[in-house]
Every structure is written in structure tokens, then in C-alpha cells.
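Asks: Numbering (the numbering used here), first residue to last: 156 to 441.
We treat Cβ as the ideally placed atom computed from N, Cα and C, and that holds for glycine.
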Amino acid sequence: MNPPSTVKVELLLQGGHHQTIYLQSSDPLLQRLFQAILPPSQPARPPELFQIPLQAGHAGLCFSSQHLVGLVTEPPLYIQSVLDAAQTPAPEILPSPYVQMDEFLTTEEHQTLLRAAIQQQALFVPTQTTTDTPNYRQSMILPNLSRLADHVLKRIEQVLPEVLKQLNLPTFKPSEIETQLTSHNHGNFYKLHNDSGSPDTATRELTYVYYFYKDPKPFSGGELRVYDSKIENNFYVAAESFQTVNPRNNSIVFFLSRYMHEVLPVNCPSQNFSDSRFTINGWIRR
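1) Cβ of L184 within 8 Å of any heavy atom in the ligand MG?
2) Take the Cβ of L193 as the centre, count every other Cβ of all protein chains shown within 10 Å, and call the residue buried at 16 or more, exposed below.
3) Enumerate in chain order the residues of its own chain whose CB-to-CB distance from C423 is below 6 Å, with the five nearest sequence positions on each side excluded.
4) Might you give, ordered along the chain, the residues of its own chain that have their beta carbon closer than 8 Å to the beta carbon of D370, omitting 5 neighbours on each side?
5) Quick one: Cα of K328 to Cα of Q275, how far?
6) So G225 and L167 are supposed to be a Cβ contact under 8 Å. How far apart are they, rounded?
7) Hey, is T267's beta-carbon within less than 9 Å of any beta-carbon in chain B?
8) Out of curiosity, what's the CA-to-CA distance linking E333 and S425?
9) At a cut of 8 Å, does the segment 411-420 reach the segment 374-388 through at least three beta carbon pairs?
10) In chain order, what residues of the same chain lie with their CB nearer than 7 Å to the CB of L249, ignoring the 5 residues before and after it?
11) Tell me which residues share the same chain as S351 and place their Cβ nearer than 7 Å to its Cβ, disregarding the 5 neighbours each side in the sequence.
12) By a C-beta neighbour count over all protein chains shown, 10 Å radius and 16 as the cutoff for buried, is Y253 buried or exposed?
13) What residue range is occupied by the uninterrupted alpha helix (DSSP H) comprising E247?
14) Taking the beta strand (DSSP E) that I332 belongs to, which residues open and close that run?
15) Measuring alpha carbon to alpha carbon, tell me which residue in Y233, G171, P298, A394 is nearest H222.
16) What does H222 pair with, by DSSP beta-bridge criteria?
17) Using CA atoms only, rank isn't needed, just tell me which of I435, Q266, S220, I296 is closest to V408.
18) When we look at the beta-carbon of V164 and count the other beta-carbons within 10 Å, is it buried (16 or more) or exposed?
19) Taking buried to mean at least 16 other C-beta atoms within 10 Å of its own C-beta, is S301 buried or exposed?
20) Specify the secondary structure class of A304 as computed by DSSP and reduced to three states.
21) Provide the residue(s) that pair with P228 in DSSP beta bridges, ordered along the chain.
22) To the nearest angstrom, how far is the alpha carbon of S251 from that of I273?
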């Protein structure tokens, strides 16, 4: 939404009188003035008394709506556009809930996965986005997981019915569970996006992120922001409100893939690969 702008309004009154005032484009008074000069063929309000303060409140202009002949506005505004703006309801904010489960793997499974990820440092490659937008995502992924994610995928299948219940979604049998191993080190991030916005990703229902890293935690930041939604022009878009998910070690988070989300920058002072914020993340398709 564009921020309100200042509009210069010259009030043209009967008898050749006129007065200039300045209003914000979102000011309800501006809408009332346009309502007052609706042509007779349009539904109009009963006569209304306007009382407009002038000179920072040291003077005032009073007149009846019947005596308002016209308006001169800079920049130009038109009745229909102003009234449409007044009548268009604000989009409803749709909450974007998530489920986070702690102690997702056993201690042994967690440590085994962490050691294996660190040992394969040389095989990690930089991530890309489907649009190849520069400076939009910075991280590394392991292209070939082999069987590294087996324990995570098995647990996801076990907890999926409970996750769907908590998210108030109908039960379904996944057609596929996609997975990747990602590392975020110093300065890495992923800007605002969703995971089901293209034809080849449209069947992604849920996104999941399993967090694992060294203890004590060698980095800060890297939180996941999941934005609430609103519908504009028949599309889901991000609202201004959001939930912040702390990347707790050995926890997993689930949320709808259509939700807009981002990964905040990671601060890893050592910049050692072994001190990265590691995730097994992916998507559950219908």
C-alpha cells in the first residue's frame, strides 16, 4: 500500500468564495467533501455541516455541504477513485501458524548426522533460486544426500498425522517428501519467498526445516520469519505481521508452503564451516 500523500484542496463555495486547505490523501474529510458534491443522479447524503480548522486551529471555516460548488485538487483526484478507496475494505489478515517439535531425533542420531555433514564440507555447493535473482539467497547445499536424511524422513512420516491435526488440515498421504541439506554460515540469509509459487512446486503442501548444529551454539541469528497472509487480487501475499521461529537445536518446524517466509542473516564469528547452522529441509507434496 502506498503511504498517504498531501493533497492541496481548494474549496469553491457559493458566492465566489474559496478557501485552500491541505489534507492527507487518506483523510476521511477528503472523502466527505467528494461525497458532498456528488451529482444529483448519484445517491447523495443529507445536507452536512463542515467545520474545518484553519491556521493551526486559530481560525475555523464553517459551511453547509449545500454551499460547496466544487473542489480543485493538486494532484488531481476524481470522485470515483476517492470513493472506491473509501469503500474498499482492508484485506483480512490470515494467521500463518506453524508447528515446532523439540528433541526430534535421538542424541545419537543428531550427532551422527552432524558429523556426517561436517565431513562432507568439500561437496557442498552454493545455493541458487529458480529465478536466479542476485543477492537473494546465500547458503550452501549438499547435492547428494545419499542416506543422510533417512532418520529425519522416517520421523516426519511418523509425526505427520499429528502435525496436520495441529495445523487443522485434513489428513493426506504424501506423494513425495523432498529433502535437502543446507548450511548457513556468516552473513548467509534467504529473503522473502514462498515454496509453492510456480507450476512445478504447486503441489507442495507443507514445508519443514530440521535444525542441527554444534553445542554450545556457535552462531546467532538465522531465525525463520513466517509471515501472516492476506489476499490481494486473488493471490496470497505477505502481511506486515509475522511469527519468528528460533532455530532450536534438534528441533523441526512445519508450516504451509504457500506462506511467505525468510531466513534472517546468520552471524558466525569463527566463519568455520563446522560452526554453521545446518538444516535438513524440504517439502511434503500432496
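Replies: Checking against the coordinates, here is how it stands:
1) Among the ligands in the structure shown, none appear at all, so the ligand MG cannot be discussed.
2) On the sequence shown, residue 193 is found 38 positions in, with the first residue counted as 1. L193 should be labelled exposed.
3) Numbered from its first residue, the sequence shown carries residue 423 at position 268. Within the same chain, C423 has close Cβ partners N340, H341, F374, D430.
4) Here residue 370 is taken as the residue at index 215 of the sequence shown, counted from 1. Within the same chain, D370 has close Cβ partners N404.
5) Within the sequence shown, numbered from 1, the residue matching residue 328 stands at position 173. Within the sequence shown, numbered from 1, the residue matching residue 275 stands at position 120. The straight-line gap from Cα to Cα measures roughly 33 Å.
6) What you label residue 225 is simply residue 70 of the sequence shown in a count that begins at 1. What you label residue 167 is simply residue 12 of the sequence shown in a count that begins at 1. Sure, about 4 Å apart at Cβ, within 8 Å.
7) No chain B is part of this structure, which consists of one protein chain only.
8) The residue you call residue 333 lines up with position 178 of the sequence shown. The residue you call residue 425 lines up with position 270 of the sequence shown. If I take the Cα positions, the gap works out to 31 Å.
9) yes
10) Start at 1 with the first residue of the sequence shown, and residue 249 comes out as number 94. The answer, listed in chain order, is D383, S384, K385.
11) The count along the sequence shown starts at 1 and reaches residue 351 at position 196. The answer, listed in chain order, is A357, R359, S412, R413.
12) Translated into the one-based positions of the sequence shown, residue 253 becomes position 98. So Y253 counts as buried.
13) Residue numbering aside, residue 247 sits at position 92 when the sequence shown is read from its first letter. Run containing E247: none; DSSP gives neither H nor E here.
14) Here residue 332 refers to the residue found at position 177 of the sequence shown. Run containing I332: 331-339, per the beta strand (DSSP E) assignment.
15) Residue numbering aside, residue 222 sits at position 67 when the sequence shown is read from its first letter. Nearest of Y233, G171, P298, A394 to H222, Cα basis: G171.
16) If you number the sequence shown from 1, residue 222 lands on position 67. Answer is none; H222 lacks a bridge partner.
17) Start at 1 with the first residue of the sequence shown, and residue 408 comes out as number 253. Checking every option, the nearest Cα to that of V408 belongs to I435.
18) Here residue 164 refers to the residue found at position 9 when the sequence shown is read from its first residue. By the 10 Å Cβ count, V164 comes out buried.
19) As a working note, residue 301 is residue 146 in the sequence shown. It counts as exposed.
20) Your numbering for residue 304 matches position 149 in the sequence shown. A304: coil per DSSP, three-state reduction.
21) Your numbering for residue 228 matches position 73 in the sequence shown. According to the sequence shown, residue 228 is Thr rather than Pro. Its beta-bridge partners are V164.
22) As a position in the sequence shown, residue 251 is number 96, starting the count at 1. As a position in the sequence shown, residue 273 is number 118, starting the count at 1. Rounded to whole angstroms, S251 to I273 spans 33 Å at the Cα level.
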